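**Student:** Dropping the structure in here first, questions after.
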Amino acid sequence: MQKLPVDLLQGIGSYLSLPDLNSVKASCRFFNNFYCENVSNHIKQRKIIQAVAGHSYVAYLRENGTVFLKGNFDKYISTKNSIFLEVLKLNDVQQISGSENHLLFLKKNRTVCMMGGNQNGELGMGNLTNYSTPQLIPDFRGVIKVIAGQNFSLFLMENGTVYTCGANKWGELGVGDENPHSVPTKLPNVADIINIAASDTHRILLKRNGTVLVYGGNLEGQLGLGDTKYREQPTQIPGYSEVIDVAVGNSYTIFLKSNNKIEVCGSNEYGQLSLYNVKEVLIPTATFIGSVVAMAAGFSHTVFQLENGSVFTCGNNQYGQLGNANRQSSNNLFAMGVPDVANVSASGNNTFLHTKNGLIQGNGDNRVGQLGLKELDILRSTNLPKLNDWINVLEQLSDKKNHDQNTNNKKT
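Set out below in structure tokens:
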């Protein structure tokens, strides 16, 4: 018999009451001793396919379409304890995106649920009401990607158009006026878009033909237009094409070209562009990185995955987000040395590596325990198996609780 780890016991205990825990026979036999025959055999394992981090939380998306929240999600979400997980009442989710104030959940039927702060109408509900639980945006379908930014939301539609809502004091929504919009509003004269990216200050739209539209803040040249002027309307980067993917951090942009090379523009304050002796770049500029197949950007650090599977990081390292065992920011690429990486992601001050065996590794900011580890900051990419255990157990406990509740309702 194997005793369930103490931290897993605490995690489960913070979520369910003692009677609920005692009723769960599939996972463990006794609450007081919490002995299990074999946790991994009793609990169905499901992969984490996406992780989105803010300053003090991480939202995890499972392959079965369920979502879990760990940490403190601003004042609009009431978590039981910053150390433990919240099970969000959602299913069939295929993509998540989060800002400091709100979360968006794209469902497999191409509708969108949201939750969080709504002071500027960024939730798209036609009002300014805050929502502490996920709600469906009414009469809004055909969405294939969502982005939650600071006080705004951005939606890519299946027909190649783009919708947006939220704050618009300086015309930052790109809809042709300076009024806030509390329902998703279509960007005029924008079509054939296949991907979108956005920071808190600027937006990037990738067209089917490999050209790029940009708009929003540009103080450090992040729009790649050769100047630092603000753009209210989506503007094409002149003479620029063959782009197949885009990623953005705060005040900088990363372009992946069709030849698997990287070009960058914007702020290089922390070395996030992997360029030397330059503070900012006003036009897309090539970097000396190998054949890249995937990339991700946090607030001010960047992650690259090469064709041979190796992963490199550069930029801000205040919280250990580069994974190089120190806190020194660098424009030098650091080889993380993690084998069998399936894909990479970066969000906020965290880096996540999703391995081929379904595990997730993380490093960076852990000040409120959002990575499920004890240290305040994780300076090396670290397996998060206990986090997976927490999620697996909590999911089955939640499923059983819902099943029992439905059964009781039918009896009455």
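Numbering-wise (the working numbering), the sequence shown opens with residue 141 and increments by one.
Beta carbons: idealized from backbone N, C-alpha and C, even for Gly.
Given the structure is predicted, the values throughout are model-derived calculations rather than measurements.
When the Cα of Gln445 is compared with those of Cys454, Ala434 and Phe439, which residue comes out closest?
**Tutor:** Numbered from 1 along the sequence shown, position 305 holds the residue referred to as residue 445. Considering only alpha carbons, the answer is Ala434.
**Student:** Would you call Ala475 buried or exposed, if buried means 16 or more other Cβ atoms sit within 10 Å of its Cβ?
**Tutor:** To locate residue 475, count along the sequence shown from 1; it is residue 335. Exposed is the call here.
**Student:** Counting beta carbon pairs with one atom in the stretch 286–304 and one in the stretch 250–258, are three or more of them shorter than 8 Å?
**Tutor:** Segments in contact, yes.
**Student:** Within 10 Å of its beta-carbon, does Ser339 have 16 or more other beta-carbons around it, so buried, or fewer, so exposed?
**Tutor:** Along the sequence shown, one-based indexing puts residue 339 at 199. Buried: at least 16 other Cβ atoms inside 10 Å.
**Student:** Along the chain, where does the beta strand (DSSP E) containing Asn503 start, and where does it finish?
**Tutor:** Here residue 503 is taken as the residue at index 363 of the sequence shown, counted from 1. Counting along the chain, the beta strand (DSSP E) containing Asn503 begins and ends at Ile500 to Asp505.
**Student:** Under a three-way DSSP split, which group does Gly256 fall into?
**Tutor:** In the sequence shown, residue 256 corresponds to position 116, counting from 1. Correct three-state label for Gly256: strand.
**Student:** Compare the Cα-Cα distances from Leu519 to each of Lys401, Asn456 and Glu312 and report the closest residue.
**Tutor:** Along the sequence shown, one-based indexing puts residue 519 at 379. Nearest option by C-alpha distance: Asn456.
**Student:** What three-state label does DSSP hand Arg281 in the structure shown?
**Tutor:** Stepping through the sequence shown from its first residue, residue 281 is reached at position 141. Here Arg281 sits in coil by DSSP.
**Student:** Would you say Leu439 and Gly509 are within 9 Å of each other, going by their C-beta atoms?
**Tutor:** In the sequence shown, the residue the question calls residue 439 occupies position 299. In the sequence shown, the residue the question calls residue 509 occupies position 369. Reading off the sequence shown, one finds Phe at residue 439, where the question assumed Leu. Not a contact, by the Cβ cut-off of 9 Å.
**Student:** In this structure, how does DSSP classify Asp332 when only helix, strand and coil are distinguished?
**Tutor:** On the sequence shown, position 192 is the one that residue 332 refers to. Reduced to three states, the DSSP call for Asp332 is coil.
**Student:** Are the stretch 349–363 and the stretch 291–301 touching, with three or more C-beta to C-beta distances below 8 Å?
**Tutor:** The stretch 349–363 is not in contact with the stretch 291–301.
**Student:** Have a look at the DSSP bridge pairing and note the partners of Gln445.
**Tutor:** Position 305 of the sequence shown, counted from the start, is the residue given in the question as residue 445. Answer is Ala434 and Val451.
**Student:** So, helix, strand or coil for Asp232, using DSSP?
**Tutor:** For this step, residue 232 is matched to residue 92 along the sequence shown. Here Asp232 sits in coil by DSSP.
**Student:** When the Cα atoms are used, what is the spatial distance from Pro479 to Gln190?
**Tutor:** Along the sequence shown, one-based indexing puts residue 479 at 339. Along the sequence shown, one-based indexing puts residue 190 at 50. Distance between the alpha carbons of Pro479 and Gln190 is about 19 Å.
**Student:** Measuring alpha carbon to alpha carbon, tell me which residue in Leu246, Gly357 and Ala482 is nearest Thr341.
**Tutor:** Stepping through the sequence shown from its first residue, residue 341 is reached at position 201. Residue Gly357 is the option with its Cα nearest to Thr341.
**Student:** Residues in the same chain with beta-carbon distance under 7 Å from Gln468, minus the five sequence neighbours each way, listed in chain order, please.
**Tutor:** Position 328 of the sequence shown, counted from the first residue, corresponds to residue 468. For Gln468, where only same-chain residues beyond five positions count, the Cβ hits under 7 Å are Asn457.
**Student:** Residue ranges of each beta strand (DSSP E) run of no fewer than 3 residues wholly in the stretch 357–433, ordered along the chain?
**Tutor:** Taking only runs of at least 3 residues, the beta strand (DSSP E) segments lying wholly in the stretch 357–433 are 371–376, 383–389, 392–397, 402–407 and 420–426.
**Student:** Once you ignore the five residues that flank Lys248 on each side, which residues in its own chain have a CB closer than 7 Å to its CB?
**Tutor:** Here residue 248 is taken as the residue at index 108 of the sequence shown, counted from 1. Gly205, Asp232 and Gln234.
**Student:** Throw me the rounded Cβ distance for the Val421 and Cys405 pair, which I believe falls under 8 Å.
**Tutor:** Counted from its first residue, the sequence shown places residue 421 at position 281. Counted from its first residue, the sequence shown places residue 405 at position 265. Correct: roughly 5 Å between the Cβ atoms.
**Student:** Exposed or buried, which one is Leu516 when buried takes at least 16 other CB atoms within 10 Å?
**Tutor:** Here residue 516 refers to the residue found at position 376 of the sequence shown. Leu516 is exposed by the Cβ-count criterion.
**Student:** Short of 8 Å in beta carbon distance, which residues of its chain neighbour His321, apart from the five on each side in sequence? Order them along the chain.
**Tutor:** Looking up residue 321 in the sequence shown gives position 181. The answer, listed in chain order, is Gly261, Thr304, Cys305, Gly306, Asn308, Leu313 and Val315.
**Student:** Just the C-alpha distance for Val207 and Phe245, rounded to the nearest angstrom, thanks.
**Tutor:** Residue mapping note: residue 207 aligns to position 67 of the sequence shown, counting from 1. Residue mapping note: residue 245 aligns to position 105 of the sequence shown, counting from 1. If you take the alpha carbons of Val207 and Phe245, they lie about 9 Å apart.
**Student:** I need the DSSP call for Leu516, collapsed to helix, strand or coil.
**Tutor:** Along the sequence shown, one-based indexing puts residue 516 at 376. Looking at Leu516 - three-state DSSP - the assignment turns out to be coil, as it is neither helix nor strand.
**Student:** CB Ser196 to CB Arg507, shorter than 9 Å?
**Tutor:** For the purposes of this step, residue 196 is identified with residue 56 of the sequence shown, where counting begins at 1. For the purposes of this step, residue 507 is identified with residue 367 of the sequence shown, where counting begins at 1. It is a contact, given that the beta carbons lie within the stated cut-off.
**Student:** What does a CB cutoff of less than 8 Å around Ile284 pick up in its chain, not counting 5 residues either side in sequence?
**Tutor:** Here residue 284 corresponds to residue number 144 of the sequence shown, with the count starting at 1. Leu246, Arg250, Leu296, Met297 and Glu298.
**Student:** In whole angstroms, what separates the C-alpha of Gly264 from that of Gln412?
**Tutor:** Walking along the sequence shown from the start, residue 264 turns up at place 124. Walking along the sequence shown from the start, residue 412 turns up at place 272. Distance between the alpha carbons of Gly264 and Gln412 is about 33 Å.
**Student:** What is the C-beta distance between Ser237 and Val192, in whole angstroms, given that I count them as a contact (C-beta under 8 Å)?
**Tutor:** Position 97 of the sequence shown, counting from 1, holds the residue named residue 237. Position 52 of the sequence shown, counting from 1, holds the residue named residue 192. Right, the Cβ-Cβ distance comes to about 6 Å (below 8 Å), so this counts as a contact.
**Student:** With 16 other CB atoms within 10 Å as the buried threshold, where does Lys210 fall?
**Tutor:** Indexing the sequence shown from 1 puts residue 210 at position 70. So Lys210 ends up on the buried side.
**Student:** Give the C-beta separation of Tyr553 and Gly504 to the nearest angstrom, bearing in mind that I take them to be a contact with Cβ-Cβ under 8 Å.
**Tutor:** No information on residue 553 is available, as it lies outside the stretch 141 to 552 that the chain covers here.
**Student:** Scan the stretch 291–341 and note each continuous alpha helix (DSSP H) run of 4 residues or more that stays entirely inside, going in chain order.
**Tutor:** Listed in chain order, nothing qualifies, since the stretch 291–341 has no complete alpha helix (DSSP H) run of 4 or more residues.
**Student:** For my contact list, Asn489 and Gln461 are in at a C-beta cut-off of 8 Å; report their separation, rounded to the angstrom.
**Tutor:** Walking along the sequence shown from the start, residue 489 turns up at place 349. Walking along the sequence shown from the start, residue 461 turns up at place 321. Rounded, the Cβ-Cβ distance is 5 Å, consistent with contact.
**Student:** What three-state label does DSSP hand Arg202 in the structure shown?
**Tutor:** As a working mapping, residue 202 is identified with position 62 in the sequence shown. Here Arg202 sits in strand by DSSP.
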